[in-house]
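What follows is a single structure, written as structure tokens, with notes after it.
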Amino acid sequence: MDTGASTGAGTDASTGTGGRPGTGALVDRYGRTATDLRVSLTDRCNLRCTYCMPAEGLDWLPTPEVLTDDEVVRLVTVAVERLGVREVRFTGGEPLVRRGLEGIVGAVAALRTADGTAPETSLTTNGIGLARRAQGLAEAGLGRVNVSVDTLDRAQFAALTRRDRLPDVLEGVAAAVAAGLQPVKVNAVAMRGVNEDQVRPLLRWAVADGLHLRFIEQMPLGPRHAWDRAQMVTAEELLTELGREFALEPVGDVARGAAPAELWTVVGTGGDGRPPATVGVIGAVTRPFCGACDRTRLTADGQVRSCLFSRRETDLRDLLRAGASDEELADAWRTAMWGKPAAHGIDEEGFRQPLRLMSAIGG
889 MDTGASTGAG
899 TDASTGTGGR
909 PGTGALVDRY
919 GRTATDLRVS
929 LTDRCNLRCT
939 YCMPAEGLDW
949 LPTPEVLTDD
959 EVVRLVTVAV
969 ERLGVREVRF
979 TGGEPLVRRG
989 LEGIVGAVAA
999 LRTADGTAPE
1009 TSLTTNGIGL
1019 ARRAQGLAEA
1029 GLGRVNVSVD
1039 TLDRAQFAAL
1049 TRRDRLPDVL
1059 EGVAAAVAAG
1069 LQPVKVNAVA
1079 MRGVNEDQVR
1089 PLLRWAVADG
1099 LHLRFIEQMP
1109 LGPRHAWDRA
1119 QMVTAEELLT
1129 ELGREFALEP
1139 VGDVARGAAP
1149 AELWTVVGTG
1159 GDGRPPATVG
1169 VIGAVTRPFC
1179 GACDRTRLTA
1189 DGQVRSCLFS
1199 RRETDLRDLL
1209 RAGASDEELA
1219 DAWRTAMWGK
1229 PAAHGIDEEG
1239 FRQPLRLMSA
1249 IGG
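Residue numbers (this note's numbering): 889 to 1251.
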């Protein structure tokens, strides 16, 4: 069941069950409770972003190893009905390449938590194909979308993603807005010497179109040895660059709890019934939020990951296919999360990148 070959991310990733509650929610030894499930529906992607995968792509998972639509829905049902999960985000790879996406979204949106509420549903996508599917996804019950847009310069986009598809992405963003998948969030990774000149143009666009922009520090989840901390534009640098054009005020005390983004209001925006624009910065490396992390992850081949950077996984797919009951699946999931490390450990001596790349883990 436990397929990890090492102790995992951080300083302590023991998966012993000593002291773990026998029933109930996904708790860990540090007092955190996982209520946010990230479900990777595929490891395949139709872009080849330089910070995510090599130009030739990867060896995709063989189809028999990938969870079927029914298996995805069953495991999510266990998470929502038995383990206290309240938010479900569908990721990839690129989840829009999954043919059964609308059916999966509809089945999950119809679930109810123990107190009778529907789980919040969202989708993280690169936007290609979203224009023709946004309305159907909204009708299936999808709540909102996060679209990755690292640049508004077409040539730069083509160089960064190795595909000339920026117009398709922008069309997808517009379709998501029109379909009511609100708020439409835009995720951007700024890299020194690559697209850092796009930081302010991206916020101008987001403010004008009513989008929620979130900058994310580049993380060591791409091709082996490709991550260079010196290339990463830090949260502090992002705020400095934005401040050259925009006046920003912290939202509250910028305390984010389990939310990854620290938020700022863009002063002078809003009006005509629209609230002021906000911009978020996710300092996953320099301002980690591990202490309040409420996430659990399920890969496309049915592996539970307690941390994005973990080197340890717990196999639910084989348990499910061997005839395990829902409670047996739930118990294995609880054990996996009980072993969640205290932190991702990127800044610790001896940190090792996860064995899978981001496209195979799910965001």
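Even for Gly, the Cβ is constructed at its ideal location relative to N, Cα and C.
Small disclaimer: the values here were computed from a predicted structure and weren't measured.
Exercise. From what residue to what residue does the beta strand (DSSP E) around V1033 run?
Worked result: 1032–1036
Problem set entry | Per-residue DSSP class, three states only, for W1152 | strand
Exercise. From T1128 to V1121, what does the alpha carbon distance come to, in whole angstroms?
Worked result: 11 Å
For this session: Please report the residue range of the alpha helix (DSSP H) in which Q1086 lies.
Result: That residue, Q1086, is in no alpha helix (DSSP H); it is neither H nor E in DSSP.
Exercise. Starting from G1168 and walking both ways along the beta strand (DSSP E), at which residues does that stretch end?
Worked result: From DSSP, the beta strand (DSSP E) with G1168 extends over 1166–1170.
Exercise. In this structure, does DSSP put G1179 in helix, strand or coil?
Worked result: helix
Exercise. For the candidate residues P1229, W1221, A1230, whose alpha-carbon lies nearest to that of L914?
Worked result: W1221
For this session: Over the uninterrupted beta strand (DSSP E) stretch that includes P993, give me the two end residues.
Result: A small fix is needed here, since residue 993 is Val in this sequence, not Pro. Counting along the chain, V993 sits inside no beta strand (DSSP E); it lies in the alpha helix (DSSP H) bounded by residues 989–997.
Exercise. Going by other Cβ atoms of all chains shown within 10 Å of its Cβ, with 16 needed for buried, is S833 buried or exposed?
Worked result: Any property of residue 833 remains undetermined from this structure, which presents the chain solely from 889 to 1251.
Problem set entry | Exposure of P983, with buried meaning 16 or more beta-carbon neighbours within 10 Å | Burial call: buried.
Exercise. Exposed or buried, what is V1155 when buried is set at 16 or more other beta-carbons lying within 10 Å of its beta-carbon?
Worked result: exposed
Exercise. Should the region 1061–1071 be called in touch with the region 1000–1020, which here means at least 3 C-beta pairs below 8 Å?
Worked result: Under the three-pair Cβ rule at 8 Å, the region 1061–1071 counts as touching the region 1000–1020.
Exercise. On the premise that V964 lies in contact with L989, defined as a C-beta separation below 8 Å, what is that separation, rounded to the nearest angstrom?
Worked result: Not quite, the Cβ-Cβ distance comes to about 13 Å (not below 8 Å), so this is no contact.
Exercise. For N934, which of K1073, E975, L1054 has the nearest alpha-carbon?
Worked result: L1054
For this session: Assign M1120 to one of three DSSP states: helix, strand, or coil.
Result: strand
Problem set entry | Counted within 10 angstroms of its Cβ, other Cβ atoms place A1172 as buried (16 or more) or exposed | buried
For this session: Please classify V968: does DSSP put it in a helix, a strand, or coil?
Result: helix
Exercise. Are three or more beta carbon pairs between the region 939–950 and the region 959–978 nearer than 8 Å?
Worked result: no
Problem set entry | Inter-residue Cα distance where the pair is V1082 and P1089 | 14 Å
Exercise. Using the rule of at least 16 other Cβ atoms within 10 Å of the residue's Cβ for burial, across every protein chain shown, is G919 buried or exposed?
Worked result: With fewer than 16 other Cβ atoms within 10 Å, it is exposed.
Problem set entry | Neighbour-count burial assignment, P952, 16 or more Cβ in a 10 Å radius | exposed
Exercise. Which runs of the beta strand (DSSP E), 3 residues or longer, sit entirely within the region 1187–1224?
Worked result: Complete beta strand (DSSP E) runs here, min 3: 1191–1193.
Exercise. How about A1076 and V1037: are their beta carbons less than 9 Å apart?
Worked result: yes
Exercise. So the beta strand (DSSP E) V1074 belongs to, where does it begin and stop?
Worked result: From DSSP, the beta strand (DSSP E) with V1074 extends over 1073–1077.
Exercise. In whole angstroms, what is the alpha-carbon distance linking L1069 and L1025?
Worked result: 9 Å
For this session: Would you kindly check if the distance between the Cβ of D1189 and the Cβ of L955 is under 9 Å?
Result: yes
Exercise. Mind checking D1003: buried by the 16 CB within 10 Å criterion, or exposed?
Worked result: Flag for D1003 reads exposed.
Exercise. How should G980 be labelled, buried or exposed, when 16 other C-beta atoms within 10 angstroms of its C-beta is the threshold for buried?
Worked result: Looking at its Cβ environment, which holds 16 or more other Cβ atoms inside 10 Å, G980 is buried.
Exercise. Since Q1023 and A1067 are thought to touch, with beta carbons under 8 Å apart, how far apart are those beta carbons, to the nearest angstrom?
Worked result: Contact between Q1023 and A1067 is confirmed by a C-beta separation of about 5 Å, below the 8 Å threshold.
Exercise. Which runs of the beta strand (DSSP E) spanning at least 3 residues fall entirely within the region 905–970, listed in chain order?
Worked result: 924–928
Exercise. How about V993 and L1101: do their beta carbons lie closer than 9 Å?
Worked result: In this structure, L1101 does not lie closer than 9 Å to V993 by Cβ.
Exercise. From what residue to what residue does the beta strand (DSSP E) around V976 run?
Worked result: 975–979
Problem set entry | Paired residues, beta bridge with E1008 - DSSP | Looking at the DSSP output, E1008 sits in a beta bridge with E975.
Problem set entry | Length of the line joining the Cα atoms of T1157 and D957 | 43 Å
Exercise. So F1045 is in the alpha helix (DSSP H); what residue range does that whole segment cover?
Worked result: 1042–1049
For this session: Decide if A1028 is buried, meaning its Cβ has at least 16 other Cβ atoms within 10 Å, or exposed.
Result: A residue is called buried once 16 or more other Cβ atoms fall within 10 Å of its Cβ, and A1028 is buried on that count.
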